[in-house]
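Presented below is the structure to which this report refers.
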Amino acid sequence: MGEKQALICYAVRLSSKAKFGISMSTQRKAISLISGGLDSMLSTRVIMDQGIHVEGINIFTGFCVEGHTHAIRKKDKKKPKRNQALWVAEQLGIKLHIIDVIEEYKEVLLHPGHGYGQNMNPCLDCKGFMVRKAYEWMQEQGFDFIITGEVVGQRPMSQRRDTLPVIQRESGAGDLLLRPLSALNLPETRPEREGWVRRDELYDFSGRSRKPQIALAAKFGFEEYSQPAGGCCFLTDKSYSDKLVDMWAHRSSRDYELDDIMLLKVGRHLRPRPHFKLIVAREEGETRFLEGYRKQFVHLQSKSHNGPLVLIDGVIDESDRLLAARISARFGQGRDAAEVEMEITDLDGRSQPLTVKPLRANEIPQDWYV
Amino acid sequence: MSEQHLDARRLLCPLPVIRVQNTVATLAAGDILQVVCSDPGALHDVPAWCRVHGHRVLAAEQRGDEVRIRIEVVAQEPPA
Ligand code: SF4
Numbered sequence: 001m002g003e004k005q006a007l008i009c010y011a012v013r014l015s016s017k018a019k020f021g022i023s024m025s026t027q028r029k030a031i032s033l034i035s036g037g038l039d040s041m042l043s044t045r046v047i048m049d050q051g052i053h054v055e056g057i058n059i060f061t062g063f064c065v066e067g068h069t070h071a072i073r074k075k076d077k078k079k080p081k082r083n084q085a086l087w088v089a090e091q092l093g094i095k096l097h098i099i100d101v102i103e104e105y106k107e108v109l110l111h112p113g114h115g116y117g118q119n120m121n122p123c124l125d126c127k128g129f130m131v132r133k134a135y136e137w138m139q140e141q142g143f144d145f146i147i148t149g150e151v152v153g154q155r156p157m158s159q160r161r162d163t164l165p166v167i168q169r170e171s172g173a174g175d176l177l178l179r180p181l182s183a184l185n186l187p188e189t190r191p192e193r194e195g196w197v198r199r200d201e202l203y204d205f206s207g208r209s210r211k212p213q214i215a216l217a218a219k220f221g222f223e224e225y226s227q228p229a230g231g232c233c234f235l236t237d238k239s240y241s242d243k244l245v246d247m248w249a250h251r252s253s254r255d256y257e258l259d260d261i262m263l264l265k266v267g268r269h270l271r272p273r274p275h276f277k278l279i280v281a282r283e284e285g286e287t288r289f290l291e292g293y294r295k296q297f298v299h300l301q302s303k304s305h306n307g308p309l310v311l312i313d314g315v316i317d318e319s320d321r322l323l324a325a326r327i328s329a330r331f332g333q334g335r336d337a338a339e340v341e342m343e344i345t346d347l348d349g350r351s352q353p354l355t356v357k358p359l360r361a362n363e364i365p366q367d368w369y370v
Numbered sequence: 371m372s373e374q375h376l377d378a379r380r381l382l383c384p385l386p387v388i389r390v391q392n393t394v395a396t397l398a399a400g401d402i403l404q405v406v407c408s409d410p411g412a413l414h415d416v417p418a419w420c421r422v423h424g425h426r427v428l429a430a431e432q433r434g435d436e437v438r439i440r441i442e443v444v445a446q447e448p449p450a
């Protein structure tokens, strides 16, 4: 199916160019923000059909919902371990450039001028930032304009009639930013005014309904596509945002490293004391992933029974070690045993045995779970 | 023609892809890039990136916990 779809896209591109007599010298080029979802896939195809050369750009903030989280968790084995944006690019037959903005994105997340959405998602600042990155890329590479899959009224923060112009303004892209799916509801942009694209072949989608998108996908013959319910990143996820806020609340600074935000995606997090928390692997895939962090964290492992690897984030004393071991024993197969032999390994690599009585379920207060 | 090695172990996708992309940008047509990754997702994503950019995947295999991919850089044509 993938190959067939890509071939169709290629054929459409050739025939569009022939149909509109677009010559080499007038070939216009657009960069499309590709999230991996349906809307950017559709908007790209709409513009390709007008004979425009389109390439994709995908911005990696570190918070993106990606195939790797499926790769970590074994239980998600059936889900395809693929990068959705790359997959979309391949279906469309376009190039995709993936840009690492992890460092620069910190400023967006830590100080969003327009604040956060329902969770820790700074969507409006984020969108402005992403379009700015696309705009910079466009200028460097000599492309003509930018397209996105935004739709008026689709998202409560970044896709409102009054916030779409904010993105144009703050990104610097101005009227070189075209939203093909909603263009008829918005003022004319330069690509339309200059005749690079035909406005009457753009769309007037608005609101939260997905029906027009699904109908357009059917028209294009897209049989497989993704429509992530929670948006494009972990920051819209309540449980993830809670862990992020908890991490900041217990550190002297809100700065973070990639490892910090990756670890928030993995395992059960419990904070039994303000100065430390435990990250408990939930299954084999997570254990394997957390094993990569053994040199950076004091960690616990059950010796007498099967049990998860547990990382300790924080500085702990003797009584904390005992408590951490008793909690960890609770999550292994020795949970109902009178005693479990645990092993605790310090940062210098030295391990010590600890024999503990596992905590009972009712001895773990609910508010320890982050 | 040169051969370059890239160690992308311990990086989760899409970081290995980004590293491949940035390294390929410094290479010339015909050069070879040999990349080793530990994220199993790279076995799918790195070849997918190569396909969309027209680079040739000479070999892609998983050996134990590591994924090894060998890429030949292909010249990029300007948009026609
Ligand atoms: S959902 Fe995440 S990636 Fe998407 S605009 Fe909001 S903050 Fe940015």
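Note that the protein sequences, when read in sequence, are chains A and B. Mapping to our numbering: the first sequence position 119 is 119, numbers consecutive. Mapping to our numbering: the second sequence position 42 is 412, numbers consecutive. C-beta atoms are modelled at their ideal positions from N, C-alpha and C, and glycine is treated no differently. None of these values were measured; they are calculated from a predicted model.
With a cut-off of 8 Å, does the C-beta of residue i fall near any C-beta of chain B?
i      : result
A:F60  : yes
A:L354 : no
A:I94  : yes
A:H114 : no
A:Q50  : no
A:G153 : no
A:K133 : no
A:H53  : yes
A:E192 : no
A:E90  : yes
A:L86  : yes
A:I147 : no
A:I57  : no
Flag residue i as yes if its beta-carbon sits less than 8 Å from any beta-carbon of chain A, otherwise no.
i      : result
B:H423 : yes
B:V382 : Val is not the amino acid found at residue 382 of chain B; the sequence shown has Leu there. Answer yes: the Cβ-Cβ gap between B:L382 and chain A drops below 8 Å somewhere.
Cutting at 6 Å between CB atoms, please list the residues of its own chain near residue i, excluding the five before and the five after it.
i      : result
A:N207 : Per the sequence shown, the amino acid found at residue 207 of chain A is Gly instead of Asn. The answer, listed in chain order, is G153.
A:G307 : G332
A:K95  : E55
A:C126 : V108
A:E192 : R199
A:C123 : G117, M157 and S158
In or out: residue i buried (at least 16 other Cβ within 10 Å) or exposed?
i      : result
A:M138 : buried
B:R426 : exposed
A:M24  : At A:M24, the pLDDT of 46 sits below 50, so the modelled position is not reliable; the number obtained from the coordinates is stated separately. A:M24 is exposed by the Cβ-count criterion.
A:G21  : Confidence at A:G21 is low in this model, with a pLDDT of 44, below 50, so its placement is unreliable and the value that follows should be read with caution. A:G21 comes out exposed.
A:K243 : buried
A:E284 : exposed
A:N121 : buried
A:M1   : Confidence is the limiting factor: at A:M1 the pLDDT is only 43, short of 50, which leaves the residue's position unreliable, though a coordinate-based value still follows. Exposed.
A:G128 : buried
A:R251 : exposed
B:E373 : exposed
A:S209 : exposed
A:K265 : buried
A:A329 : buried
A:S319 : exposed
Please report the straight-line C-alpha distance between residue i and residue j, rounded to a whole angstrom.
i      : j      : result
A:H53  : A:P180 : 15 Å
A:D204 : A:S182 : 5 Å
A:R294 : B:A418 : 32 Å
A:G62  : A:I146 : 23 Å
A:K277 : B:E436 : 31 Å
A:Y260 : A:M130 : The question names Tyr, but residue 260 of chain A is Asp in the sequence shown. Near 22 Å, if we compare the C-alpha coordinates of A:M130 and A:D260.
A:Y369 : A:Y135 : 42 Å
B:P448 : A:S32  : 17 Å
A:K29  : A:D348 : 55 Å
A:R360 : A:E223 : 50 Å
A:I312 : A:R273 : 11 Å
A:R335 : A:K238 : 29 Å
A:N119 : A:I279 : 22 Å
B:Q446 : A:L110 : 39 Å
A:R321 : A:S351 : 13 Å
B:A430 : A:S304 : 40 Å
A:W248 : A:T287 : 25 Å
Skipping 5 residues on each side, what residues in its chain have a beta carbon closer than 7 Å to that of residue i?
i      : result
A:D39  : G149, V151, L181 and Q213
B:D409 : L381, L382, C383 and P386
A:K357 : R326, A338 and E339
B:D377 : V406
Who are the near neighbours of residue i in its chain, counting only those whose CB is closer than 8 Å to its CB and skipping five residues on each side?
i      : result
B:G400 : M371, E442 and V443
A:R132 : E170, S171, G172 and A173
A:E291 : L309
A:A85  : I34, S35, G36, G56, N58, L96 and I98
A:M262 : G62
A:V315 : H275 and F276
At a Cβ cut of 8 Å, what residues of the region 384–405 of chain B count as close to chain A, listed as they run along the chain? P384, L385, V387, I388 and Q391
What residues in the region 414–444 of chain B have a beta carbon less than 7 Å from any beta carbon of chain A? H414, D415, A418, W419, R421, V422 and H423
Within 8 Å of chain B by C-beta, residues of the region 259–287 of chain A in sequence order: M262
For the region 100–125 of chain A, list every residue whose C-beta sits within 7 Å of some C-beta in chain B, in sequence order. D100
Residues, ordered as in the chain, of the region 215–229 of chain A that lie near chain B by beta-carbon distance below 8 Å: none
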